[in-house]
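Quick notes on the structure that follows.
Residue numbers (the numbering used here), protein chains in the order written: chain A, 50 to 260; chain B, 50 to 260.
Pasting the structure below:
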C-alpha cells in the first residue's frame, strides 16, 4: 500500500490541490476513487466513516484522517518539509491566503464552474452573482501578483497550490483568464515546477463523458 | 493607546469574531472604525495601506498587521494562551472547522444575511441558492454538536468563536435557528462564557438606522 491514500475525484479542484501537493513533493500516494456524481459523499456511510463534512479530498496517513484541502496542504508541508512556511509570521501569511482562497476565490469560482461548466446550467441570476464575486477575488490576487513571482515569500508555497487549484481546469465559466495577466503568468510558473501535471492526468474524472 | 487595535464595524460578523476573542480573553483593545457602507474598504487607500483584500477585520499589534478572522483568532490564541490547540493534531482539527466556516458556513449565511437582512433585497434566485447552501452547512455543524458541548476537544476554542460569529446577529435571513437545536444550545453555552457580549455591544453598528 502506498504511503498516502487520497479520496479524490478528477473534477474536484480541491482534490487536485491535495493531489498536486503529493505530486510536487514526490510523495508515494494512491487514489481512493470517490463516486461524487452518484452521491457517494452525501451518503450516511461516507459521512460517518470518512468525512462528516461530506466532501473530498480526504487524506489517510499513519492512522490519521485529514479533511479540508487547507489542512491537508498544511499537514503535507510539515511531513515533507516542502512548500511550507519559514517561521510563524510566514505561516500566518500563507494561512491568510488559504483562507481567502476558501472564502472568496475558490468558493465562488469553483461553484460557478460547477454550475456552468459541469452541470451546464446556462446563465442565471446565480451564475451572474457568482461571477461577479469571483471577478472581485481574481482582481485582488492578480494585483497581489503584479511584481511578485509567487503569493508569499518569493517562492512557491502551499498558498500558491491552494489558490491555483481551480485555474488549471478548462471547463467553461464565462470568465476569461486573459483578463488577469499576472494570474496567467503565475499559473505558467506553477506549471513549470518539477512534477507538475494537469488535473485529469493526476486524478481521473468521475464523469465518463468528460473525454 | 490600547495594546491591540482592531479595524471593525458592527454589522460584520467577521469583525465580531475578532472582537469577541479580544473580549473573552480580557485583552486591552480599541476599535478603529470602518465606514464600510460608504465604501471605505474598497478605496485604493484602504487597500494599499490597511488590507489589500478590502475587508475588515484587521488587527494591529506590535507592528504587525493581521487580516482574515481565522488568522487573527490563531494569532490571539498564541498571544494570550487561551482558546488555542493543545497539540498539532488539535491545531489541524480546529483549522479544519475554521476553513469549513469560511468556505461553507459563514460564507453562504453571512452573504444571505447581508442581502436579506441588511440590504433588504427581498427573495431572489440568489437568496434561495445561498439559503440552500447555508442550510446544508448548518446541518453538518448541528450534527457534529449532537452529544458535544463544543466543536473540538470538549472545551471552547477558536473554532467555536469562528463558527458562532454570525449566529449571534438577529437580522432576518429566512432561516430559523430553532431548526438546529444543537446549534442553539451551543450558542447559549458560548454566550455564558465570562466576558461574552452580543455583537453590537462590542462593536457599534456602522449603519445609523440600525437601532
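A virtual CB, placed ideally from N, CA and C, is assigned to each residue, including glycine.
Just so we're clear, the structure is a prediction, and the values are computed from it rather than from any experiment.
Indicate whether residue i and residue j have their beta-carbon atoms separated by less than 8 Å.
i                      : j                      : result
residue 122 of chain A : residue 70 of chain A  : yes
residue 249 of chain B : residue 59 of chain B  : yes
residue 252 of chain A : residue 57 of chain A  : yes
residue 222 of chain B : residue 161 of chain B : yes
residue 175 of chain B : residue 175 of chain A : yes
residue 55 of chain B  : residue 80 of chain B  : yes
residue 207 of chain A : residue 132 of chain A : yes
residue 244 of chain A : residue 68 of chain A  : no
residue 225 of chain B : residue 233 of chain B : no
residue 135 of chain B : residue 203 of chain B : no
residue 84 of chain B  : residue 255 of chain B : yes
residue 247 of chain A : residue 217 of chain A : yes
residue 74 of chain A  : residue 129 of chain A : yes
Does residue i come within less than 8 Å of chain A when only Cβ atoms are used?
i                      : result
residue 154 of chain B : no
residue 97 of chain B  : no
residue 87 of chain B  : no
residue 251 of chain B : no
residue 115 of chain B : yes
residue 149 of chain B : yes
residue 240 of chain B : no
residue 50 of chain B  : no
Classify residue i as buried or exposed, calling it buried when 16 or more other Cβ atoms lie within 10 Å of its own Cβ.
i                      : result
residue 170 of chain A : exposed
residue 220 of chain A : exposed
residue 151 of chain A : buried
residue 178 of chain B : buried
residue 98 of chain A  : exposed
residue 186 of chain A : buried
residue 125 of chain A : buried
residue 260 of chain B : Only weak support exists for where residue 260 of chain B lies, its pLDDT of 47 falling under 50; the value from the coordinates is given anyway. Exposed, by the Cβ-count rule.
residue 205 of chain A : buried
residue 209 of chain B : buried
residue 111 of chain A : exposed
Within 8 Å of any Cβ in chain B, is that where the Cβ of residue i sits?
i                      : result
residue 260 of chain A : Only weak support is given to the placement of residue 260 of chain A: the predicted model assigns it a pLDDT of 47, under 50, and the value that follows is read from those uncertain coordinates. Chain B contact via Cβ: absent.
residue 70 of chain A  : no
residue 181 of chain A : no
residue 102 of chain A : yes
residue 55 of chain A  : no
Indicate, with yes or no, if the ligand ATP has a heavy atom lying under 7 Å from the CB of residue i.
i                     : result
residue 63 of chain B : Only the bare structure without any ligand can be found here, which leaves the ligand ATP out of the picture.
Mind checking if residue i is an interface residue toward chain E, Cβ cutoff 8 Å exclusive?
i                      : result
residue 117 of chain A : You won't find chain E in this structure, because its protein chains are A and B.
message = If the cut-off is 7 Å on Cβ atoms, which residues from the region 117-146 of chain B count as contacting chain A, listed in chain order?
response = 117, 119, 120, 123, 124, 141, 144 and 145
Interface positions of the region 167-178 of chain A facing chain B (Cβ-Cβ less than 8 Å), listed along the chain = 173, 174, 175 and 178
query = Between the region 153-171 of chain A and the region 182-196 of chain A, do at least 3 Cβ pairs fall closer than 8 Å?
reply = yes
inquiry  = Using 8 Å as the cut-off, can you tell me whether the region 230-247 of chain A makes contact with the region 201-218 of chain A, which would need three or more C-beta pairs spanning the two stretches below that distance?
reply    = yes
message = Does the region 50-68 of chain B come into contact with the region 104-116 of chain B, if we say contact requires no fewer than three beta-carbon pairs (one atom in each stretch) closer than 8 Å?
response = yes
ask   = Contact between the region 113-120 of chain A and the region 137-144 of chain B: three or more CB pairs below 8 Å?
value = yes
task = Check distances from the C-beta atoms of the region 187-204 of chain B to those of chain A and list, in chain order, the residues that come in under 9 Å.
result = 189, 192 and 193
key: the region 188-196 of chain A in contact with the region 92-104 of chain B per 3-pair CB rule at 8 Å   = yes
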